[in-house]
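J.: Take a look at this one; I'll ask things after.
There are 2 protein chains.
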Amino acid sequence: MSERQVTALDVARRAGVSRSAVSRTFTVGASVAPATRDKVLAAAESLGYRVNFLARSLILRRSELVALVVSDMDHSFRARTVDLLARGLVARGYRPVLLPWSEGDHPARLIDMMLQYSVAGAIVTSDTPPHQIAEQSARWGVPLVLVNKAPVADRSARVVQDTEAAGRLAAEVLCSAGCRRIAYIGQERPSYTIRDRREHFIAAARELGLVVAAEVAGAAQNHFGGMEAAERFLASGVAVDGVHCCNDFLAIGFIDGLRRAGLSTPADLAVVGCDDIAEAAWPAYELTTIRQDAGDVARATLDALMACIAEPNAPGRTTEVGVSLIERASTQRPT
Amino acid sequence: MSERQVTALDVARRAGVSRSAVSRTFTVGASVAPATRDKVLAAAESLGYRVNFLARSLILRRSELVALVVSDMDHSFRARTVDLLARGLVARGYRPVLLPWSEGDHPARLIDMMLQYSVAGAIVTSDTPPHQIAEQSARWGVPLVLVNKAPVADRSARVVQDTEAAGRLAAEVLCSAGCRRIAYIGQERPSYTIRDRREHFIAAARELGLVVAAEVAGAAQNHFGGMEAAERFLASGVAVDGVHCCNDFLAIGFIDGLRRAGLSTPADLAVVGCDDIAEAAWPAYELTTIRQDAGDVARATLDALMACIAEPNAPGRTTEVGVSLIERASTQRPT
Numbered sequence: 001m002s003e004r005q006v007t008a009l010d011v012a013r014r015a016g017v018s019r020s021a022v023s024r025t026f027t028v029g030a031s032v033a034p035a036t037r038d039k040v041l042a043a044a045e046s047l048g049y050r051v052n053f054l055a056r057s058l059i060l061r062r063s064e065l066v067a068l069v070v071s072d073m074d075h076s077f078r079a080r081t082v083d084l085l086a087r088g089l090v091a092r093g094y095r096p097v098l099l100p101w102s103e104g105d106h107p108a109r110l111i112d113m114m115l116q117y118s119v120a121g122a123i124v125t126s127d128t129p130p131h132q133i134a135e136q137s138a139r140w141g142v143p144l145v146l147v148n149k150a151p152v153a154d155r156s157a158r159v160v161q162d163t164e165a166a167g168r169l170a171a172e173v174l175c176s177a178g179c180r181r182i183a184y185i186g187q188e189r190p191s192y193t194i195r196d197r198r199e200h201f202i203a204a205a206r207e208l209g210l211v212v213a214a215e216v217a218g219a220a221q222n223h224f225g226g227m228e229a230a231e232r233f234l235a236s237g238v239a240v241d242g243v244h245c246c247n248d249f250l251a252i253g254f255i256d257g258l259r260r261a262g263l264s265t266p267a268d269l270a271v272v273g274c275d276d277i278a279e280a281a282w283p284a285y286e287l288t289t290i291r292q293d294a295g296d297v298a299r300a301t302l303d304a305l306m307a308c309i310a311e312p313n314a315p316g317r318t319t320e321v322g323v324s325l326i327e328r329a330s331t332q333r334p335t
Numbered sequence: 001m002s003e004r005q006v007t008a009l010d011v012a013r014r015a016g017v018s019r020s021a022v023s024r025t026f027t028v029g030a031s032v033a034p035a036t037r038d039k040v041l042a043a044a045e046s047l048g049y050r051v052n053f054l055a056r057s058l059i060l061r062r063s064e065l066v067a068l069v070v071s072d073m074d075h076s077f078r079a080r081t082v083d084l085l086a087r088g089l090v091a092r093g094y095r096p097v098l099l100p101w102s103e104g105d106h107p108a109r110l111i112d113m114m115l116q117y118s119v120a121g122a123i124v125t126s127d128t129p130p131h132q133i134a135e136q137s138a139r140w141g142v143p144l145v146l147v148n149k150a151p152v153a154d155r156s157a158r159v160v161q162d163t164e165a166a167g168r169l170a171a172e173v174l175c176s177a178g179c180r181r182i183a184y185i186g187q188e189r190p191s192y193t194i195r196d197r198r199e200h201f202i203a204a205a206r207e208l209g210l211v212v213a214a215e216v217a218g219a220a221q222n223h224f225g226g227m228e229a230a231e232r233f234l235a236s237g238v239a240v241d242g243v244h245c246c247n248d249f250l251a252i253g254f255i256d257g258l259r260r261a262g263l264s265t266p267a268d269l270a271v272v273g274c275d276d277i278a279e280a281a282w283p284a285y286e287l288t289t290i291r292q293d294a295g296d297v298a299r300a301t302l303d304a305l306m307a308c309i310a311e312p313n314a315p316g317r318t319t320e321v322g323v324s325l326i327e328r329a330s331t332q333r334p335t
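Quick note, the sequences are listed as chains A and B, same order.
Just so we're aligned, residue 1 is where the first sequence starts under the UniProt record's numbering, counting upward by one.
Just so we're aligned, residue 1 is where the second sequence starts under the UniProt record's numbering, counting upward by one.
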């Protein structure tokens, strides 16, 4: 039922110009006389002509498609980053192909998808360090940017959090709140960023003279994991006056776990999270946290990808994205 | 720096078979002798051969790409649906192209993107009813599924919520909680689904003998909008004993707004939301809500798209997705 596809030749005939004039009109940077251009555009409009990007991609051996490998879109920070990356790619003339990735998926499938469509580049924001993806991207010359991951290959660019600043800010705010003995609530299988931030947090805390008296790994990295971690922590009987949770959902669950046991924040325990999700500002929590801006991450990632596409043989660079402290009631302890 | 693209002919030579045997090996449903097939796959593997999907798409005039038009990925239900749709498309051999859409964007740009890549179909989950997208899809024969939208063209299939059941369940649970005078908290620019559900809620409430004493439109459809609506509602001085908020974020904000004014849920006011976001189960809220399962929505959408692709000339059908009542403490009033 669809209409016959209009070709460049149809447009050339309608406009009374050569086939090559049509082609030049639709090629960025090609030279064409303004009058010719206007005739071509008018004819294209009236015929409903559209450049066939598939054909162009075949000739150029590179499409405008960019693979966006993501996992864990349930997490609002991740979903927001993916949304901003997709908008940024579209604004730059690229088309994001969304490739969800779960632990246990076979990376060969992802790599096949990337190569089958001659993608212009790939962005990986999924949790698992994709060694094979990075190796294959380098082998086939596909520009690759890894977001918040360990380095896996010389050629892949990376965008990472300034985990040193993030860990230090968390330790400092607990110290300023008058805490002396603190606990760290992590997760069973920490991501690269969380592992790195934990080390900087522990180092900064010790440097400030704080005693790191306990470490608990949340079974899940969500609200339920935080409540469950609070229960286990309280059962251990270790006394502390401050806690740093590795993400905000865990921190909020931890606060609810403390409440269930009759303890309150910040009077009994100061709590600092990380991410600055919308829920952190809710009056039931007023959680102090370390903010990483999704817009900053998306911008740095798109800049890195454009640089890789422009200079495919340059070694991959690492861009650090800054963080900031958002102070709320959960660390404002009575002195 | 990338290696020369390996062709089907290279594979045929290495395997010692014909070019056509290679082609048949990589075509779904084509017949090829098992021994030949094994030789071809071994040669393809050793040479790193991959089917060029761009070339195949050009020949078939249809790619395996499916446009996924989305807005508002910040909303966790939307992000989860997009994730499930993308996974489902990949599992069925399609590749989702993520096209973010904001109010005020020019639809022509989206339509161009869809046609330039000869997409096999399109799914629209964005808020604004995309009249032009539906018209152009029909004109160019692109199968289209609209998720939670008003009908816009004969040919587009739709997946919608059973808003009649959702509205009725919300009214019934307030009635069972002993409420007699209730309020409805909506939003300034309600989506199709919310508008439809509101009508069914009001009708069911009246049928049950409840007085709908007030209606307030939240300025934003998030937690802040809920708190602000509570403030405005309380300032109006209208007395009610139950409230239905059009989504869970608004409902949770409304509960926080009541708390700020010294009122509590459910003792002073029963509250019922809609969506069943993760936060609804948090102990600070224990919100009764109407659940729509993102998995059900994604499955129905993918089934509808596959049906449209298989039978492009059939009129678009509408599939209703069921809802269920999740009862928590926010409607368990002392009798």
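We put the CB at the ideal spot given by N, CA and C, even for glycine.
Tell whether a beta-carbon distance below 9 Å holds between Cys274/B and Ala205/B.
T.: For this step, residue 274/B is matched to residue 274 along the second sequence. For this step, residue 205/B is matched to residue 205 along the second sequence. Not a contact, by the Cβ cut-off of 9 Å.
J.: Answer with yes or no whether the minimum CB distance from Leu98/B to chain A is below 9 Å.
T.: As a position in the second sequence, residue 98/B is number 98, starting the count at 1. Output row for Leu98/B: interface = yes.
J.: Quick one: residues in its chain with C-beta nearer than 7 Å to the C-beta of Ala217/B, no 5 flanking neighbours on either side, listed in chain order?
T.: Here residue 217/B refers to the residue found at position 217 of the second sequence. The answer, listed in chain order, is Gly186, Gln187, Glu188.
J.: Considering Cα atoms alone, identify which of Met113/B, Ala33/B, Leu258/B, Arg95/B is closest to residue 411/A.
T.: Look at the range of chain A in this structure, 1 to 335, and you will see that residue 411/A is not part of it.
J.: If you compare alpha carbons, which of Gln116/B, Arg78/B, Asp105/B, Gly226/B is closest to Pro283/A?
T.: As a working note, residue 283/A is residue 283 in the first sequence. With distances taken between Cα atoms, Pro283/A lies closest to Gly226/B.
J.: Whose Cβ in chain A lies nearer than 9 Å to the Cβ of Arg80/B?
T.: For the purposes of this step, residue 80/B is identified with residue 80 of the second sequence, where counting begins at 1. Near Arg80/B (Cβ distances below 9 Å), the residues of chain A are Met73, Asp74, Ala79.
J.: Suppose the cutoff is 8 Å on Cβ atoms and the five residues either side in sequence are ignored; what does the same chain contact list for Met113/A look like?
T.: Counting from one through the first sequence, the residue named residue 113/A turns up at place 113. Once the five neighbours on either side are set aside, the close Cβ partners of Met113/A are Ala67, Val97, Leu99.
J.: For residue 357/B, name the three-state secondary structure that DSSP assigns.
T.: Any answer about residue 357/B is impossible in this case: the structure gives chain B only from 1 up to 335.
J.: Among Pro151/A, Pro190/A, Ile194/A, Arg80/A, whose alpha-carbon lies nearest the alpha-carbon of Thr319/A?
T.: Mapped onto the first sequence, residue 319/A falls at position 319. Closest by alpha carbon: Pro151/A.
J.: Is there a Cβ of chain A sitting closer than 9 Å to that of His223/B, yes or no?
T.: Locating residue 223/B in the second sequence gives position 223, counting from the first residue. Chain A, which has a Cβ nearer than 9 Å to the Cβ of His223/B, makes this yes.
J.: Cβ closer than 7 Å: which chain B residues qualify as neighbours of Glu279/A?
T.: Within the first sequence, residue 279/A is the residue found at index 279, counting from 1. Chain B residues near Glu279/A: Glu279.
J.: I'd like to check one pair, Leu302/A with Leu85/A: are the Cβ atoms closer than 9 Å?
T.: Within the first sequence, the letter at position 85 stands for residue 85/A. Within the first sequence, the letter at position 302 stands for residue 302/A. In contact: Leu85/A and Leu302/A (Cβ atoms closer than 9 Å).
J.: Got a sec: is the Cβ-Cβ distance from Val28/A to anything in chain B below 9 Å?
T.: As a first step, residue 28/A is located in the first sequence; it is residue number 28 there, counting from the start. Because Val28/A sits at a pLDDT of 46, beneath the cut-off of 50, its placement in the model cannot be relied upon, and the point is left open.
J.: With a threshold of 9 Å between beta-carbons, can Val147/A be considered close to chain B, or not?
T.: Along the first sequence, one-based indexing puts residue 147/A at 147. No - not a single Cβ of chain B is within 9 Å of the one on Val147/A.
J.: Who are the near neighbours of Met306/B in its chain, counting only those whose CB is closer than 8 Å to its CB and skipping five residues on each side?
T.: Position 306 of the second sequence, counting from 1, holds the residue named residue 306/B. These residues qualify, in order along the chain: Arg92.
J.: Could you name the residues of chain B that Arg260/A contacts, counting a contact when the two beta carbons are closer than 9 Å?
T.: For the purposes of this step, residue 260/A is identified with residue 260 of the first sequence, where counting begins at 1. Per Cβ cutoff of 9 Å: Pro283.
J.: Which of the three DSSP states is assigned to Tyr192/A in this structure?
T.: Numbered from 1 along the first sequence, position 192 holds the residue referred to as residue 192/A. Of the three classes helix, strand and coil, the one that applies to Tyr192/A here is helix, per DSSP.
J.: Can you find a CB in chain A that lies within less than 9 Å of the CB of Val70/B?
T.: One-based indexing of the second sequence puts residue 70/B at position 70. Chain A contact via Cβ: present.
J.: Helix, strand or coil: which one does DSSP assign to Arg13/B?
T.: For this step, residue 13/B is matched to residue 13 along the second sequence. Looking at Arg13/B - three-state DSSP - the assignment turns out to be helix.
J.: On the DSSP letters alone, give me the boundaries of the alpha helix (DSSP H) that His75/A sits inside.
T.: For the purposes of this step, residue 75/A is identified with residue 75 of the first sequence, where counting begins at 1. His75/A -> no alpha helix (DSSP H), and no H or E assigned at all.
J.: Could you spell out where the alpha helix (DSSP H) holding Glu164/B opens and where it closes?
T.: Translated into positions along the second sequence, residue 164/B becomes position 164. That run of the alpha helix (DSSP H) goes 163–176.
J.: Does the count of Cβ pairs from the stretch 39–48 of chain B and the stretch 239–256 of chain B closer than 8 Å reach three?
T.: The stretch 39–48 of chain B vs the stretch 239–256 of chain B: no contact.
J.: Would you say the beta carbon of Ser118/B is closer than 8 Å to some non-hydrogen atom of the ligand ZN?
T.: Ligands displayed in this structure: none; no statement on the ligand ZN is therefore possible.
J.: Since Val212/A contacts Ile202/A with CB under 8 Å, what's their CB separation in whole angstroms?
T.: Along the first sequence, read from residue 1 onward, the residue named residue 212/A stands at position 212. Along the first sequence, read from residue 1 onward, the residue named residue 202/A stands at position 202. Contact holds; Cβ gap of about 6 Å.
J.: Which residues, in chain order, does the stretch 12–41 of chain B contribute to contact with chain A at a C-beta distance below 8 Å?
T.: So the list is empty, because no residue satisfies the distance condition.
J.: With a threshold of 6 Å on Cβ separation, who are the neighbours of Asp256/B within its own chain once the five nearest residues in sequence on each side are excluded?
T.: The count along the second sequence starts at 1 and reaches residue 256/B at position 256. Around Asp256/B: Met227.
J.: What residues from the stretch 108–129 of chain A come within 7 Å of chain B, judged by C-beta to C-beta, listed N to C?
T.: Within the stretch 108–129 of chain A, the qualifying residues are Asp112, Met113, Leu115, Gln116, Tyr117, Ser118.
J.: If I measure Cβ to Cβ from Thr7/A and keep anything under 6 Å in the same chain, skipping five residues before and after, which residues do I get?
T.: Taking the first residue of the first sequence as 1, we reach residue 7/A at position 7. Cβ neighbours of Thr7/A beyond the five flanking positions: none.
J.: In chain order, which alpha helix (DSSP H) runs of at least 4 residues are fully inside the stretch 276–333 of chain B?
T.: You should have 294–310.
J.: At a Cβ threshold of 9 Å, is Arg95/A touching chain B?
T.: Translated into positions along the first sequence, residue 95/A becomes position 95. So, interface residue.
J.: Could you tell me the distance, in whole angstroms, from the CA atom of Leu287/B to the CA atom of Val272/B?
T.: The sequence position of residue 287/B within the second sequence is 287, counting from 1. The sequence position of residue 272/B within the second sequence is 272, counting from 1. Taking the straight line from one Cα to the other gives about 7 Å.
J.: Please confirm if Thr319/A has its CB atom under 9 Å from at least one CB of chain B.
T.: Sequence index remark: in the first sequence, residue 319/A carries index 319 (1-based). Answer no: the Cβ-Cβ gap between Thr319/A and chain B never drops below 9 Å.
J.: Counting along the chain, where does the alpha helix (DSSP H) carrying Arg139/A start and finish?
T.: On the first sequence, position 139 is the one that residue 139/A refers to. 131–140 is the extent of the alpha helix (DSSP H) around Arg139/A.
J.: For Asp83/B, which of Arg19/A, Ala108/A, Val70/A, Arg87/A has the nearest alpha-carbon?
T.: In the second sequence, residue 83/B corresponds to position 83, counting from 1. Comparing Cα positions, the closest option is Val70/A.
J.: Checking 9 Å against the spacing of the C-beta atoms, do Ala33/A and Val22/A come in under that value?
T.: Counted from its first residue, the first sequence places residue 33/A at position 33. Counted from its first residue, the first sequence places residue 22/A at position 22. Going by C-beta atoms, Ala33/A is not nearer than 9 Å to Val22/A.
J.: Using beta-carbon positions only, say whether Asp10/B and Leu47/B come within less than 9 Å of one another.
T.: As a first step, residue 10/B is located in the second sequence; it is residue number 10 there, counting from the start. As a first step, residue 47/B is located in the second sequence; it is residue number 47 there, counting from the start. Contact: yes.
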